[in-house]
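Asker:
Protein chains in written order, with this note's numbering: chain R, 316 to 808; chain F, 316 to 808.
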């Protein structure tokens with residue numbers, strides 16, 4: 316029989332719970348907010364997996380541990396984790412630490428609710444609506460719909476699912492076998508989630524037709540026309556084009572106006588994957604890169620990337636005003652979306668999504684926006700562009716660096732050419748040898764903990780570095796450091 | 316040109332960032348950890364949507380706001396949010412506040428990394444592996460695979476996608492049109508995500524064959540056999556059975572051994588949706604409810620429900636040791652999963668999933684487990700069962716309550732029969748009038764802020780309350796309160 320005493324985690328002592336949280340918060344402030352953002356500390360503390368396993372003592376046992384042990388575990392977890400908020404973390408499309416966004420995330424975690432009904436998330440149902448409205452306004456829409464998704468890949472999948480449902484509502488019930496073969500179009504520079512999504516949604520990766528991109532990485536609208544004709548000739552039904560605003564590697568922006576013209580001519584759903592580049596809409600100076608986005612049917616935009624809102628904050632925005640999201644995904648579960656509630660059940664947004672429980676992803680962005688204002692966020696975007704430009708100019712002044720191309724965004728792609736390869740561009744094994752440089756330098760910087768920057772091969776180009784300027788705390792000194800550090804790390808190569 | 320000064324969120328003043336976070340953390344401790352868990356405070360502060368919009372001043376503007384204003388906003392967000400950690404929040408399958416889990420969530424948010432590569436998430440790649448290993452061991456598997464997903468619905472979708480891929484690997488490339496019509500089986504008591512998932516995955520809801528359940532809500536294996544024969548007779552290919560361990564409304568456990576026998580006979584993938592009931596595996600006393608689960612091919616289990624790990628913590632566990640997850644979902648993106656890295660790239664688990672960026676969901680569970688030990692978590696599960704039993708016995712002693720059925724889990728489903736309906740069970744409009752009681756009481760309790768408990772119609776039963784005993788801080792006094800409060804709220808009906 317149940318005890319009459321509560322079974323609290325800390326032996327029924329709520330003060331101890333508070334004390335634990337205070338101590339952990341102190342560690343977070345010391346180790347992440349302070350040291351984790353300090354250029355004089357390491358960005359990572361590399362350990363081989365086997366050694367790290369030992370250091371962390373990961374095993375979960377029957378017996379619990381003392382508060383002191385738990386605090387040591389918290390310290391160790393942070394110590395051996397990569398500091399993505401560090402000014403020398405250039406490895407991904409997200410970085411930096413916005414204190415207001417982090418504050419929003421801490422509140423979100425403490426309130427621990429699900430975004431599905433007004434009943435249990437009144438503040439966040441209304442807040443999500445307002446945040447999405449604001450993002451739509453920046454796209455250029457005065458009405459529409461939308462939802463926050465667990466990442467850009469799932470936002471992209473939503474768009475594909477909505478487009479096929481809009482054209483073939485039968486699909487929801489009868490499945491793809493009831494439909495003609497479908498074709499969707501994207502450029503070869505698109506994010507890999509388009510193909511992953513096509514497989515997951517049952518369309519198959521073959522349904523994704525790859526459109527050529529120009530030397531800057533932008534989709535070629537004439538080739539899109541060609542691919543559409545080709546697909547039709549093969550008996551497939553084109554239904555969607557996914558254009559990209561800010562490609563993953565090169566940071567290219569597809570020409571949306573020209574692509575929208577093609578979509579309009581053929582009656583195709585235009586989705587814009589602006590997961591990375593969407594935040595440029597905040598900048599009066601640079602938003603022309605997305606000209607035409609207002610003609611899209613759907614837009615995926617991840618404020619957790621360039622705006623540093625924190626993982627994850629990924630909006631799917633829709634121009635639709637016909638309740639397509641709910642019609643496509645809804646299933647009217649009677650235990651959750653009761654129709655005899657005492658408030659307007661249109662506020663229960665949970666049936667818009669394919670998840671059931673859904674995390675609150677709006678507060679972090681809302682709170683940051685309230686604190687910074689649109690103007691502050693605009694400065695952040697402009698600053699990133701300006702620092703990327705600074706890096707490019709400095710890089711050109713140095714002998715050992717070669718740009719892959721002039722960037723139009725904040726991805727700066729370049730090779731570091733070590734001393735032994737300089738002036739040998741004509742030699743037959745030059746490309747092969749150059750491609751081996753980045754992995755070696757990457758290993759050295761990670762083992763040293765001095766910085767992190769990604770590299771990859773791309774098309775006909777061997778491994779090159781992709782520098783991402785996203786952290787709002789970056790300065791010119793960090794750009795200089797990047798170049799100096801690569802020279803230091805590669806001087807003997 | 317870029318400035319040489321950093322563009323920090325708080326005017327380049329890192330001390331101000333720390334001060335903000337300290338202040339916000341203080342508010343969280345006061346308002347959520349202390350007041351939010353106190354029975355003498357309200358569980359919710361109901362406002363009509365229009366009024367709440369005004370109170371929150373949601374609009375996002377060009378100008379930023381002062382630190383003081385931001386702190387007031389944090390207070391308001393918390394004030395008007397539902398306290399899911401409150402001892403009178405019985406509304407969902409999650410509730411309560413585990414301080415260690417919350418500590419893990421705060422650290423997760425501050426480190427803000429993505430779970431896709433060892434490079435940027437070394438601690439969490441290894442930790443996820445260990446946590447999944449432990450969960451698999453409780454299922455009864457000494458090997459296997461798995462991944463944390465953004466919620467149980469997506470875990471269930473993963474299982475369906477894996478099952479069809481295993482049978483028809485061609486599907487990934489060629490899509491469902493290349494396949495015969497498929498059929499999957501689940502009971503009519505299953506979670507709605509099975510149908511949502513079938514639609515999303517392109518199978519269509521028609522592909523989901525509903526198997527009958529008995530009066531306790533358990534799938535009837537004989538009817539499963541019948542449905543399989545029926546589907547085959549109609550030309551469909553059965554490929555998966557989704558059994559449920561802990562149904563959403565009734566808390567029923569499907570008979571897994573008998574269902575596994577059927578699956579074995581027909582060569583079908585057995586998925587167990589144990590999102591709700593999986594945590595019972597921790598209890599030596601009650602784990603017999605899931606006997607046979609070790610024969611499953613996949614299991615979905617959400618420790619954010621009964622274990623209070625925090626949203627979201629949803630594991631998909633697989634018996635497979637053939638790297639099915641990666642083969643099914645992988646796309647080898649060259650910018651992220653470089654094969655020439657200096658460490659074992661098998662540690663880059665990101666290609667196991669259909670997302671790209673993926674939140675860290677393992678730390679909160681790991682830290683809680685380290686602190687509580689498996690024994691502490693077992694006590695938590697046993698305590699929930701015991702309190703549910705206490706509630707049932709108390710409820711039987713009172714005139715105005717009627718059980719829908721004897722519960723076998725911690726869902727206690729019952730009607731409150733108001734004074735005017737007592738003794739009138741035979742009257743023709745009894746059921747209709749009884750079904751109107753729960754919505755009225757729900758409105759009253761929410762407006763008063765005294766407690767929250769869900770209701771729904773179900774099958775032939777009109778609206779009844781579904782009490783969920785999950786919060787580890789609950790005591791018998793909270794059970795007594797529930798009954799007393801319903802009597803108070805409904806005495807004039």
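Each residue gets a CB set at the ideal place from its N, CA and C atoms; glycine is no exception. The structure presented is a predicted model; accordingly, all values stated were derived computationally and were not measured.
#1: In chain F, which residues lie with their C-beta within 9 Å of the C-beta of residue 681 of chain R?
#2: Is it true that the segment 379-389 of chain F meets the segment 675-692 of chain R, where meeting means three or more beta-carbon pairs spaced less than 8 Å apart?
#3: Which residue's Cα is closest to the Cα of residue 387 of chain F: F:346, F:400, F:618 and F:582?
#4: Cα-Cα, which of R:368, R:470 and R:786 is closest to residue 703 of chain R?
#5: For residue 774 of chain R, count neighbouring Cβ atoms within 10 angstroms of its own Cβ and tell me buried if that reaches 16, exposed if not.
#6: Could you say which of R:550, R:505, R:601 and R:520 lies nearest to residue 529 of chain R if we only look at CA atoms?
#7: The segment 663-677 of chain R: which residues have C-beta closer than 8 Å to a C-beta of chain F, in chain order?
#8: Do you know offhand how far residue 617 of chain F's Cα is from residue 713 of chain R's?
#9: Does residue 625 of chain R pass the burial test, meaning 16 or more other C-beta atoms within 10 Å, or should it be called exposed?
#10: Taking only the alpha-carbon atoms, compute the straight-line gap between residue 316 of chain R and residue 705 of chain F and give it to the nearest angstrom.
#11: Which residues mark the beginning and the end of the alpha helix (DSSP H) in which residue 423 of chain R is found?
#12: In chain R, what lies closer than 7 Å to residue 684 of chain F by C-beta?
#13: Sort out for me which residues DSSP pairs residue 586 of chain F with in a bridge.
#14: Keeping to the same chain, check which residues put their C-beta closer than 7 Å to that of residue 464 of chain R; ignore five residues upstream and five downstream.
#15: In terms of residues, what are the limits of the beta strand (DSSP E) holding residue 460 of chain R?
#16: Does any heavy atom of the ligand PLP sit closer than 6 Å to the C-beta of residue 607 of chain F?
#17: Report the residues of the segment 490-517 of chain R with a CB closer than 9 Å to any CB of chain F, ordered along the chain.
#18: Could you pull out every residue in the same chain whose Cβ sits closer than 8 Å to the Cβ of residue 342 of chain R, ignoring the five residues on either side in sequence?
#19: Under 7 Å between C-beta atoms, does residue 527 of chain F make it to chain R?
#20: Flag residue 521 of chain R as yes if its beta-carbon sits less than 7 Å from any beta-carbon of chain F, otherwise no.
#21: Using the beta-carbon count (16 or more within 10 Å), is residue 322 of chain R buried or exposed?
#22: What residues in the segment 625-642 of chain R have a beta carbon less than 9 Å from any beta carbon of chain F?
#23: First and last residue of the alpha helix (DSSP H) that includes residue 540 of chain R?
#24: Closest by CA to residue 475 of chain R, which one among R:640, R:337, R:534 and R:503?
#25: In chain order, which beta strand (DSSP E) runs of at least 3 residues are fully inside the segment 484-511 of chain R?
#26: Mind the definition here: the segment 598-613 of chain F touches the segment 572-585 of chain F only if three or more C-beta pairs lie below 8 Å; say whether that holds.
#27: With 7 Å as the threshold, decide whether the Cβ of residue 442 of chain R is near any Cβ in chain F.
#28: Below 8 Å, can you find three or more Cβ-Cβ pairs linking the segment 652-663 of chain F to the segment 452-460 of chain F?
#29: Taking C-alpha atoms, which residue in F:582, F:734, F:788 and F:800 lies nearest to residue 332 of chain R?
#30: Report buried or exposed for residue 319 of chain F, applying the criterion of at least 16 other Cβ atoms within 10 angstroms of its Cβ.
#31: Residue 368 of chain F versus chain R: which residues are under 7 Å apart at the beta carbon?
#32: For residue 758 of chain F, go through chain R and note every residue whose CB falls closer than 9 Å to its CB, in chain order.
#33: List the endpoints of the continuous beta strand (DSSP E) containing residue 771 of chain F.
#34: Cα-Cα, which of R:732, R:517, R:509 and R:508 is closest to residue 494 of chain R?
#35: Between the C-alpha atoms of residue 764 of chain F and residue 711 of chain F, what's the straight-line distance to the nearest angstrom?
#36: Terminal residues of the continuous alpha helix (DSSP H) containing residue 649 of chain R?
Answerer: From the atom records:
#1: 373, 375, 388 and 392
#2: yes
#3: F:346
#4: R:786
#5: exposed
#6: R:505
#7: 669, 670, 671, 672, 673 and 674
#8: 54 Å
#9: buried
#10: Summary for residue 316 of chain R: the model assigns pLDDT 40, below 50, so the residue's position carries little reliability; its value from the coordinates is reported in the next sentence. The alpha-carbon atoms of residue 316 of chain R and residue 705 of chain F are separated by roughly 7 Å.
#11: 414-426
#12: 375
#13: F:557 and F:613
#14: 470, 473, 629 and 631
#15: 460-464
#16: Looking for the ligand PLP in the displayed structure turns up nothing, as the structure carries no ligands at all.
#17: 490, 491, 492, 493, 494, 495, 496, 497, 506, 507, 508, 510, 511, 512, 513, 514, 515, 516 and 517
#18: 386, 389, 390 and 393
#19: no
#20: yes
#21: With a pLDDT of 48 at residue 322 of chain R, under the threshold of 50, the modelled position of that residue is not reliable, and the figure given next carries that caveat. When all chains shown are included, residue 322 of chain R counts as buried.
#22: 625, 626, 627 and 629
#23: 536-548
#24: R:640
#25: 497-502
#26: yes
#27: yes
#28: no
#29: F:788
#30: With a pLDDT of 47 at residue 319 of chain F, under the threshold of 50, the modelled position of that residue is not reliable, and the figure given next carries that caveat. Exposed: under 16 other Cβ atoms inside 10 Å.
#31: 441
#32: 656, 657 and 658
#33: 767-773
#34: R:517
#35: 26 Å
#36: Premise fails: residue 649 of chain R is in no alpha helix (DSSP H) and is neither H nor E.
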